[in-house]
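Data block below; observations after.
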Amino acid sequence: MAQNRASGLAPSQATDREDTSSAGSSTSSHTGKTATAASTTTTYTVRSGDTLWGIARRFGTTVSNLCALNNLNREATLPLGKRLKIR
Numbered sequence: 006m007a008q009n010r011a012s013g014l015a016p017s018q019a020t021d022r023e024d025t026s027s028a029g030s031s032t033s034s035h036t037g038k039t040a041t042a043a044s045t046t047t048t049y050t051v052r053s054g055d056t057l058w059g060i061a062r063r064f065g066t067t068v069s070n071l072c073a074l075n076n077l078n079r080e081a082t083l084p085l086g087k088r089l090k091i092r
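Take the sequence shown: its letters are residues 6 to 92, numbered as in this note's numbering.
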């Protein structure tokens, strides 16, 4: 309120300005979170000779984590071309 008096704006004009800025900032922050969430999902396509241990080591994760993310059994053979979620 003190800022409104100092700026010389009528209360209705100040409210409109505040509503516009808060709506814009919440939209942009929400969009940023969505983009961040989408960008953190990394996938890897299985190639000949790949093992769960090797893939986990390459991406700095664990075999258990890979199995949990991709509904895999530790002893299962990885099919060529399968896309694995890494993070």
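Idealized CB from N, CA, C, for every residue including glycine. As the structure is a prediction and not an experimental result, all values here were calculated from the model.
Which of the three DSSP states is assigned to residue i in this structure?
i	result
Arg62	helix
Leu83	coil
Leu71	helix
Leu57	helix
What's the C-alpha gap between residue i and residue j?
i	j	result
Asn75	Trp58	14 Å
Arg92	Ser69	12 Å
Pro84	Ser53	9 Å
Thr47	Thr56	17 Å
Gly86	Thr50	5 Å
Arg62	Leu71	11 Å
Thr66	Lys90	11 Å
Leu77	Phe64	17 Å
Glu80	Ala73	13 Å
Thr82	Thr45	26 Å
Arg88	Ile60	12 Å
Residue i CB to nearest chain E CB: under 8 Å?
i	result
Leu71	Given the protein chain composition of this structure (a single chain), no chain E is represented.
In the DSSP output, which residue or residues are listed as bridge partners for residue i?
i	result
Thr50	Arg88
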